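Mapping to numbering that gives the first Met the number 0: the sequence shown position 386 is 385, numbers consecutive.
Below is one structure, written out as structure tokens; the observations come after it.
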Amino acid sequence: MNALGRHILVEFSNCKADVLNDVSAIENAMVEAAQIAGATVINSTFHHFSPYGVSGVVVIQESHLAIHTWPEYRYAAVDLFTCGDTVDPWVSFEHLKKAFGASYSALEMNRGSTHVIKKGDAPLQVKPAEAVDFSKTEPYRINRNVWFTDKDENQALSLRYTGDVFFDERSPFQRVRILESCAYGKMLAIDDMVMCTERDESHYHEMIVHPALQAFQSVVGPVKNVLVIGGGDGGTIREVFMYPSIEKVTMVEIDEAVVRASKLHLPTLSREFSNPKLNLIIGDGIEFVRNCPANSFDVVIVDGSDPAGPAEGLFTQEFYQDCKRTLKDNGVLVTQGESPMFHSKTFVELNKCLKSVFAPTAVHTLLFHSTTYPTGMWSLQMAIKGQYHPVRDHNRQATADFVEKNTASLKYYNDELHSAAFTLPRFVKQMLT
Ligand code: SPD
0 MNALGRHILV
10 EFSNCKADVL
20 NDVSAIENAM
30 VEAAQIAGAT
40 VINSTFHHFS
50 PYGVSGVVVI
60 QESHLAIHTW
70 PEYRYAAVDL
80 FTCGDTVDPW
90 VSFEHLKKAF
100 GASYSALEMN
110 RGSTHVIKKG
120 DAPLQVKPAE
130 AVDFSKTEPY
140 RINRNVWFTD
150 KDENQALSLR
160 YTGDVFFDER
170 SPFQRVRILE
180 SCAYGKMLAI
190 DDMVMCTERD
200 ESHYHEMIVH
210 PALQAFQSVV
220 GPVKNVLVIG
230 GGDGGTIREV
240 FMYPSIEKVT
250 MVEIDEAVVR
260 ASKLHLPTLS
270 REFSNPKLNL
280 IIGDGIEFVR
290 NCPANSFDVV
300 IVDGSDPAGP
310 AEGLFTQEFY
320 QDCKRTLKDN
330 GVLVTQGESP
340 MFHSKTFVEL
350 NKCLKSVFAP
360 TAVHTLLFHS
370 TTYPTGMWSL
380 QMAIKGQYHP
390 VRDHNRQATA
400 DFVEKNTASL
410 KYYNDELHSA
420 AFTLPRFVKQ
430 MLT
């Protein structure tokens, strides 16, 4: 070769649009394309842009592979640049063509023609090479820079992940993924939203369960019969089964893929799926409560996703009317209530909706820190089918005893936090008046 490098510029057209908008699929394909061609990968940096498109580069010891995608045009601009004779960029090209299902046109250029440039023109000082003892070096690791972003049009929360994808399935309802995040352990994502991470899932799961169950037990007595709608990762039932008085938990999850993914990859969340007191129904929670006999449950927990896709119906008046009917007298309903800062409209509307179904004085808002949901400020709504108050009538000593007994497993909830969670900032109070 009479040049320093080979540079292939590729126009990929008619690509699979979903692949071109999938930052992890593209990063994987590009890293593989480099490795298959025999290149040594130094690092990779890839970003997803809102609403469509991915840009990224894989730096290899022999130069780079770069890409920019326009999924809405099913088009990707790719360049593959290799130096030396050991790596054939056309091998990378073939791999990417298959991965994107693309038609193409490509142009190869020689870079740094040795007819034009001459070595030794520059006055460089070269340090003598030091001998390296390879038996003492760390195993080589690629530095991957891939980000998962949960966002609306104006705000986002991004988590860096390793690029490893443990589970990725498009169920009839949604895309279910389990990724390895760098700072928060494994992460369950539904479509492009974070559902939970190993490191902070306890905040959400403890808070959706214990304030409601402790409020109920303070006034009514031991909790026996609980309905969970959603909650397919298993974190909510794990917390419910901490109560020895539980006789039966009915869980209705619409998407079996979520349960399967969690059982396979999130053992700390899914360990109670084998509990004999669990009646797991794979089905539609909305239909379940519509057909459920009245006065069936002490507590109903709605552990759904955000109001898009199959979870949309979990934010309606009809649904909460049915939930109320299925509750026994003095029963408690608790539902995830979105974020006052991120989903302000849904947050307010859900509170109004519950007040219209129960009574304005029977609905109580709780806030907690969910560090991997956009804005980090998340809410729950509690509604009581009875006359008592979750803070004024709270048996603080009973909660302190419960926390003491379960000190090894609880990470977030305690007797002080029980009342603190119902204390709202001024702007949140204002939103709800
Ligand atoms: N934006 C995320 C809201 C998701 C609430 N449900 C999470 C499921 C955890 N069991």
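Note that the Cβ used here is the ideal one computed from N, Cα and C, for glycine as well.
For clarity, every value in this text was computed on a predicted model and none was experimentally measured.
For the candidate residues the options, whose alpha-carbon lies nearest to that of residue i?
i	options	result
G4	N42, I66, A101, D87	D87
G184	F341, P266, K404	P266
I189	F166, H204, I207	F166
N294	G330, L123, S217	G330
V56	E71, E31, S49	E31
W377	T398, E200, W69, E238	E200
I116	N1, T432, V248, L416	N1
D149	L416, Q386, H342	H342
E168	I207, A256, F147	A256
K323	V258, T345, A358, E205	A358
I7	E26, L106, Q60, Y372	L106
A24	F147, A36, E93	F147
H202	C82, V40, L268	L268
L277	C195, H393, R237	R237
F80	P306, A38, E179, H209	A38
Q60	V40, Y51, P50, D78	V40
K344	S49, G83, F314, K96	F314
P389	K118, K15, F421	F421
V333	I300, K96, L64	I300
Got a sec? Which residues, its chain only, sit under 8 Å from residue i by beta carbon, not counting five neighbours each side?
i	result
N144	N42, S43, T44, F45, R159
A310	G229, G303, S304
V402	L409, Y412, N413, D414
N13	R73, G100, A101, S102
N350	G336, V362, T364, Q380, L431
Less than 7 Å between C-beta atoms, sequence neighbours within five positions excluded: which residues of the same chain meet that for residue i?
i	result
L353	Y319, V362, Q380, A382
G312	I285, F318
C181	R159, Y160, T161
G385	D328, N329
V222	L212, F215, Q216, Y242, S244, I245, D297, V298
L263	F166
H63	V56, V57, F80
Note the first and the last residue of the continuous alpha helix (DSSP H) segment covering residue i.
i	result
Y319	316-325
E246	Taken as a continuous stretch (DSSP letters only), E246 belongs to no alpha helix (DSSP H), as it is neither H nor E.
Q154	No alpha helix (DSSP H) contains Q154, which DSSP labels as neither H nor E.
S201	200-218
S261	255-264
Hey, could you find the ends of the beta strand (DSSP E) residue i is sitting in?
i	result
F426	Counting along the chain, F426 falls outside any beta strand (DSSP E), though it belongs to the alpha helix (DSSP H) covering 425-430.
K354	Run containing K354: none in the beta strand (DSSP E); it sits in the alpha helix (DSSP H), 343-356.
E107	102-112
L279	277-281
H47	40-47
L366	362-368
A75	74-82
Under the criterion of a Cβ to heavy atom distance below 8 Å, does residue i qualify as lining the ligand SPD?
i	result
P221	no
G37	no
E200	yes
D191	no
T345	no
D17	no
G234	yes
Q34	no
M241	no
M206	no
S269	no
D305	yes
E61	no
Y203	yes
Q154	no
D392	no
E337	yes
Y411	no
Y183	no
Residues in its own chain within less than 6 Å of residue i by CB, not counting five upstream and five downstream?
i	result
V427	P339
A98	A28
R395	D414
G282	V251
A76	H67
Q173	I189, D190, G308
V288	D321, C322, T325
R198	Y183, G184
A260	F166, V175, I177
V239	V208, V225, V248
N20	Y51, P70
L279	M250
Is there a Cβ of chain B sitting closer than 9 Å to that of residue i, yes or no?
i	result
N109	Any reference to chain B falls outside this structure, which holds one protein chain only.
>> Any contact between the stretch 150-159 and the stretch 102-121? By contact I mean 3 or more CB pairs, one from each, below 8 Å.
In response: no
> Below 8 Å, can you find three or more Cβ-Cβ pairs linking the stretch 214-233 to the stretch 251-265?
Replying inline: yes
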